[in-house]
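Here is the structure we will look at.
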Amino acid sequence: MTFNLTRRAILAATVVLGLAGTAAAEFPESQITLVIPFAAGGSTDVVGRIVADRMGQELGQQIVVQNVGGAGGSLGAGQVAKADPDGYTILMGTVATHALNPLILKQKPYDPVADFAPVSLLVLVPNVLAVNPAVPANTVQELIDLAKKEPLAYASSGNGTPLHLSGELFKSMAGVDITHIPYKGSGPALTDVLGNQVPVIFDNLPSASGHISSGKLRALGVTTKERAPSFPDVPAIAETLPGYETYSWNALFAPAGTPPEVVAALNKAAVAAMADPAVAERMKEFSATIVASTPEELGEHVKAEMAKWEPVVRDANVSLD
Amino acid sequence: MSTKPKDSTDLAAGLLLIAAAAFFGWQTMGLPIGTSLRMGPGYFPMVLSIILFVLGVIITLKSFGREGEAFGRIAWRGILFILPAPIFFGLTVRGLGFVPALFFTTLIASQASIRMKPLHALVLAVAVTILSTLIFSYGLGLPFRRFGPWVQF
Amino acid sequence: MELFSNLAMGFSVAGSLANLAFCLIGVLLGTLIGVLPGIGATATIAMLLPITFQLEPVSSLIMLAGIYYGAQYGGSTTAILINMPGESSSAVTAIDGYQMARKGRAGTALAVAALGSFFAGTVSTFLVAIFAPPLTAIALKFGAAEYFSLMVLGLVMSVALAHGSVLKALAMVVLGLLLGMVGTDIYTGTPRFTMGITQYADGLNFVALAVGVFGIAEILRNLEDETDREVMTKNINRLLPTRDELRQMIGPVLRGTGVGSVLGILPGGGAILASFASYTVEKKLSKNPREFGQGALAGVAGPESANNAGAQTSFIPLLTLGIPANPVMALMIGAMIIQGIVPGPNVVSEQPELFWGIIASMWIGNLMLVVLNLPLIGLWVKLLTVPYFVLFPIIMAMCSIGVYSVASNTFDLYAVAFFGLLGYLMSKLRCEPAPLLLGFVLGPLLEENLRRAMILSRGDASTFVTRPISALLLLMALGVLVLVFLPQIRKRRDEVFTESDA
Chain A
1053 MTFNLTRRAI LAATVVLGLA GTAAAEFPES QITLVIPFAA GGSTDVVGRI VADRMGQELG
1113 QQIVVQNVGG AGGSLGAGQV AKADPDGYTI LMGTVATHAL NPLILKQKPY DPVADFAPVS
1173 LLVLVPNVLA VNPAVPANTV QELIDLAKKE PLAYASSGNG TPLHLSGELF KSMAGVDITH
1233 IPYKGSGPAL TDVLGNQVPV IFDNLPSASG HISSGKLRAL GVTTKERAPS FPDVPAIAET
1293 LPGYETYSWN ALFAPAGTPP EVVAALNKAA VAAMADPAVA ERMKEFSATI VASTPEELGE
1353 HVKAEMAKWE PVVRDANVSL D
Chain B
346 MSTKPKDSTD LAAGLLLIAA AAFFGWQTMG LPIGTSLRMG PGYFPMVLSI ILFVLGVIIT
406 LKSFGREGEA FGRIAWRGIL FILPAPIFFG LTVRGLGFVP ALFFTTLIAS QASIRMKPLH
466 ALVLAVAVTI LSTLIFSYGL GLPFRRFGPW VQF
Chain C
16 MELFSNLAMG FSVAGSLANL AFCLIGVLLG TLIGVLPGIG ATATIAMLLP ITFQLEPVSS
76 LIMLAGIYYG AQYGGSTTAI LINMPGESSS AVTAIDGYQM ARKGRAGTAL AVAALGSFFA
136 GTVSTFLVAI FAPPLTAIAL KFGAAEYFSL MVLGLVMSVA LAHGSVLKAL AMVVLGLLLG
196 MVGTDIYTGT PRFTMGITQY ADGLNFVALA VGVFGIAEIL RNLEDETDRE VMTKNINRLL
256 PTRDELRQMI GPVLRGTGVG SVLGILPGGG AILASFASYT VEKKLSKNPR EFGQGALAGV
316 AGPESANNAG AQTSFIPLLT LGIPANPVMA LMIGAMIIQG IVPGPNVVSE QPELFWGIIA
376 SMWIGNLMLV VLNLPLIGLW VKLLTVPYFV LFPIIMAMCS IGVYSVASNT FDLYAVAFFG
436 LLGYLMSKLR CEPAPLLLGF VLGPLLEENL RRAMILSRGD ASTFVTRPIS ALLLLMALGV
496 LVLVFLPQIR KRRDEVFTES DA
């Protein structure tokens, strides 16, 4: 009993001291866990690990990457939403975890705005519309014309993913019907398009880029408003369908209630990491555009993305329980 | 009836399969079946549940009319201590942390054997915990919290 | 002879002191972690992946590849010693390998597995080197219809896995298929059989299922009557196989290598079938098929070779297309991207050192494995002399860590307990776990491809027979079905009351 009391006393004392002392000056005192809500090896994982490595150097503490995959990113994001708001557990959020899932899921495991303290929008990643070279369409317009003449199908990395919804947005803006064929991830979807089992694909530019530059896939358009710097010859879909814009993005989030000084320290480290030439080089190879925003900008970004996707999700009638 | 020979193992297997088929079939009820062009999420499971049900019925019927082997002894003590071990680890690995959770998991599992003496179990649990912590946490750097929030000052 | 100059370049890359060292470290780490119960290749790679990110691209991929086949090898060791497979492939090895171990032939089983794997690894490495591009073209001919037919063939073959009642084996396959349906339907996003638990949205974890129905069920069986039964026979015979045993394994190893090499190329899950298919072939060809399930040498030699051959050739789609054939390959792709290599068809031409270096390192790694493991067999077999009541708590601890480390999902641990109970119940009711496991693995693939094929053909079911490869596979399935059931029917006529009811 005495032991318990002593321990409780120490505990209380620590709490008081912790409150009295300036948390920001000491942050971080120990290693930080970066939760990546997808399996290791995916594009979010790659971005996350590159950033975590460099940010750890900035902060003088190791950042340990933990992959908590499942349910389209909802499990990992939900875990961080419920974590202690001390800045030692942070999330690599994406367009899926912070815009699409909350709109699609009937049971909401977390609130993308209220449950998180935004840290920094790191990068934007373009998606790409590509076809098998055997498909008689060399431009977006030709594809639209073809789709009006004969039934077509497009592959995506899964139901409710940004790529699926990019396809649905394309269909509604172009006024065509193309059958959606979902796969379990980008890899199998690409395989079937390379083998011309399915003619069309919406994919992340990074995962498709090798096939585009080797000519095994014909890129018709990127989904960003402007052309991607890594593929200046590939037009933007918006050049044919004005106003068309989708992209994937990666951003850091802490749980809501994290002290502002801690968020500021994390943001400073993230911005510094993204400014590193080696990181910039990696991101360029990855076709990703560096943003490195402020926490406020990320907060606005999340709201804007949810507003943008809401009608698309509604029109496409996608919902997951 | 009771004098009639029957293979009680197969009878139990058949009945359990029927129960499993019924469970899956019942769970499939709420799912859209769709058409064979656009199969719904319920199409395939429904077909499978029916097949499983039929197989269960055949196994049940065939169990009558011949002798089978006996069940043999049941490892109640094993069930009582082995199965809770991973559950305990799952419940506590985040709260207690890796080290205490693993210690108790090993301790619980070791109680499944009547040959294990309490002191030996303790020694074994300590040894397993220390070695695993060295290998997995320090050696491989797995992102486990060694001591979780429940045991922190 | 471009091949030889390419291979020479590969060996010079892989043979550099640093790369040899990384290959050795990878193989060693893979074996050591993989040999822990319940931890297979996927879990091992997930654990060790971050270590490789700091290295040069070639070195990191060489090390990862080493971890991969090292872990696969280690997984087979635990399958043989304690009936605890960490991968679908070693689940087949467990069937006869563990029975051999119980009969005091653990050393022989391990040696046969090592030698078979090495031979298969050598042959398939050369296959990769010579035929990678043309084989890729074949793999791309496989669409949804072909995969569906391939899975049907696999399921039909799975019945041969059973050594008891065919009916019960069929029921187990179907139950496995249903368990494989648990999770989110990929076409509509509807959760199925998840009981509202989001943690099961991506399906039940394979390792949890395999560890439960094989390993934990076996522990429970062994705890039934501790007082009057030893788990392992104490008189362990010699460690290395006799000349006669070596002769017996030649056929199975050759056939296993062939089956595994072909199936490994298919990116849509062909490698999963490799060891199952080889087991079926061996059982059908064997003069005394009754021996299977009781510790048949061919039941270890064939599947182990097939498994390793498939593991090697599954690098083909990765290297030539940049497409992952399995989760481990997906991790390798991630490793390449992190190193700044764009995976895809250009890797061969733009990074020949990388491509050929990895191929050469595969062979070197396999050689290291066999050299490392043959002497280790003595040690592993000694492990069996540790009293069982000391061994199984350690097994439980390792399982818990292994299953948790795959995805940090605590619900996977609850699944382990559930499947342990299910597996024990199954063994009491004399239902076998291997067909269940195969059904579980194939179920999602079967459904996914069936539905995709039907959408692509716009609802025309004839797509399965009008596409030549698909039709051929279905014919083969029919052939196997006849082979399996014909003897059963004939036997039924001969002896009306058999103990193995067909």
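Chains as they are written, first to last, in the working numbering: chain A, 1053 to 1373; chain B, 346 to 498; chain C, 16 to 517.
Every residue gets a Cβ at the ideal spot worked out from N, C-alpha and C, and that includes glycine.
Query raised in the report: Are A:SER1282 and A:SER1259 closer than 8 Å when you measure CB to CB?
Result: no
Requested in this report: Just the C-alpha distance for C:VAL42 and C:LEU369, rounded to the nearest angstrom, thanks.
Outcome: 19 Å
Query - Where the alpha helix (DSSP H) through A:GLN1109 begins and ends - result: 1095-1111
**Report entry** Under 7 Å from the C-beta of B:PHE481: neighbouring residues of chain E
**Finding:** You won't find chain E in this structure, because its protein chains are A, B and C.
Query raised in the report: Roughly how many angstroms separate the alpha carbons of C:THR123 and C:TYR84, rounded to a whole number?
Result: Roughly 21 Å separates the two Cα atoms.
Query raised in the report: For B:TYR483, which of helix, strand or coil comes out of DSSP?
Result: helix
Requested in this report: Could you tell me whether the Cβ of B:ARG490 comes closer than 8 Å to any Cβ of chain C?
Outcome: no
Report task. For C:SER164, return the contacting residues in chain B, with the cut-off set at a CB-CB distance below 7 Å. Result -> Here the premise fails: no neighbours, minimum Cβ distance about 16 Å.
Query - Inter-residue spacing [alpha-carbon to alpha-carbon] between C:ALA106 and C:THR59 - result: Straight-line Cα distance between these residues: approximately 17 Å.
Report task. Could you tell me which residues DSSP pairs with A:SER1172 in its beta bridges? Result -> A:LEU1304
Query raised in the report: Among C:LYS156, C:LEU51, C:VAL127 and C:LEU254, which residue has its Cα nearest to the Cα of C:GLY90?
Result: C:LEU51
**Report entry** Option in C:VAL127, C:GLY191 and C:SER164 with minimal Cα separation from C:CYS446
**Finding:** Comparing Cα positions, the closest option is C:GLY191.
Requested in this report: Let me know the secondary structure DSSP gives B:ARG418 once reduced to three states.
Outcome: In this structure, B:ARG418 counts as coil in the three-state DSSP scheme.
Query - Beta-carbon proximity list for C:GLU71, same chain, < 7 Å, skipping 5 on both sides - result: Taken in chain order, the list of residues that qualify is empty.
Requested in this report: Identify whether A:LYS1223 lies in helix, strand or coil by the three-state DSSP scheme.
Outcome: In this structure, A:LYS1223 counts as helix in the three-state DSSP scheme.
Query raised in the report: Is the Cβ of C:LYS397 closer than 8 Å to any Cβ of chain B?
Result: Cβ-Cβ to chain B under 8 Å: no for C:LYS397.
**Report entry** Option in C:GLY393, C:PRO459 and C:LEU428 with minimal Cα separation from B:LEU436
**Finding:** C:LEU428
Query - C-alpha gap between A:VAL1038 and C:GLY435, whole angstroms - result: Look at the range of chain A in this structure, 1053 to 1373, and you will see that residue 1038 of chain A is not part of it.
Requested in this report: Would you mind reading off the limits of the beta strand (DSSP E) that contains A:LEU1086?
Outcome: 1084-1088
Query raised in the report: Going straight from the alpha carbon of A:LEU1157 to that of A:VAL1365, what length do you get?
Result: In a straight line, the C-alpha of A:LEU1157 is about 11 Å away from that of A:VAL1365.
Query raised in the report: Who are the neighbours of C:ASP240 on chain B, taking C-beta pairs under 8 Å?
Result: Ordered by position in chain B, the residues that pass the 8 Å Cβ test against C:ASP240 are ARG418.
Report task. Go through its chain and collect everything with a Cβ distance to B:LEU376's Cβ below 6 Å, but skip five positions before and after it. Result -> Once the five neighbours on either side are set aside, the close Cβ partners of B:LEU376 are PRO386 and GLY387.
Query raised in the report: Which of the residues in the stretch 1099-1123 of chain A, read from start to end, lie with their CB under 9 Å from any CB of chain C?
Result: ARG1101, ILE1102, ASP1105, VAL1116, VAL1117, GLN1118, ASN1119, VAL1120, GLY1121, GLY1122 and ALA1123
Query raised in the report: Count the other CB atoms within 10 Å of the CB of A:GLN1131; is the residue buried (16 or more) or exposed (fewer)?
Result: buried
Report task. Determine, using beta carbons only, whether C:ALA94 and C:GLY169 come nearer to each other than 8 Å. Result -> No, Cβ-Cβ distance for C:ALA94 and C:GLY169 is not below 8 Å.
Query raised in the report: Quick one: does C:PRO390 have its CB under 8 Å from some CB of chain A?
Result: no
Query raised in the report: So, does the CB of C:SER420 fall closer than 8 Å to a CB anywhere in chain B?
Result: True, the Cβ-Cβ gap to chain B drops below 8 Å.
Report task. List the whole-angstrom C-beta distance separating A:THR1141 from A:PRO1307, where the pair is believed to meet the contact cut-off of C-beta under 8 Å. Result -> 7 Å
Query raised in the report: Is the beta carbon of C:GLY520 sitting closer than 8 Å to the one on C:ALA326?
Result: Since the first and last residues shown for chain C are 16 and 517, residue 520 of chain C lies out of range.
Query - Cβ-based neighbour list, A:TYR1299, same chain, cut-off 7 Å, excluding 5 preceding and 5 following - result: LEU1176, VAL1177, PRO1178, ASN1179, THR1275 and THR1276
Report task. State buried or exposed for A:LEU1173, treating a residue as buried only when at least 16 other CB atoms are found within 10 Å of its CB. Result -> With 16 or more other Cβ atoms within 10 Å, it is buried.
Report task. Could you have a look at C:ARG262 and say whether DSSP puts it in helix, strand or coil? Result -> helix
Query raised in the report: If we count the other Cβ atoms within 10 Å of its Cβ and call it buried at 16 or more, is A:GLN1249 buried or exposed?
Result: buried
Requested in this report: Please state whether DSSP places A:GLY1073 in a helix, a strand or coil.
Outcome: Because A:GLY1073 carries a pLDDT of 41, less than 50, the predicted location of this residue cannot be relied on, and the following value inherits that uncertainty. DSSP places A:GLY1073 in coil when its eight states are reduced to three.
Requested in this report: Reducing DSSP to helix, strand and coil, say where A:ARG1270 ends up.
Outcome: When DSSP states are grouped into helix, strand and coil, A:ARG1270 belongs to the strand group.
Query raised in the report: How should A:GLU1081 be labelled, buried or exposed, when 16 other C-beta atoms within 10 angstroms of its C-beta is the threshold for buried?
Result: exposed
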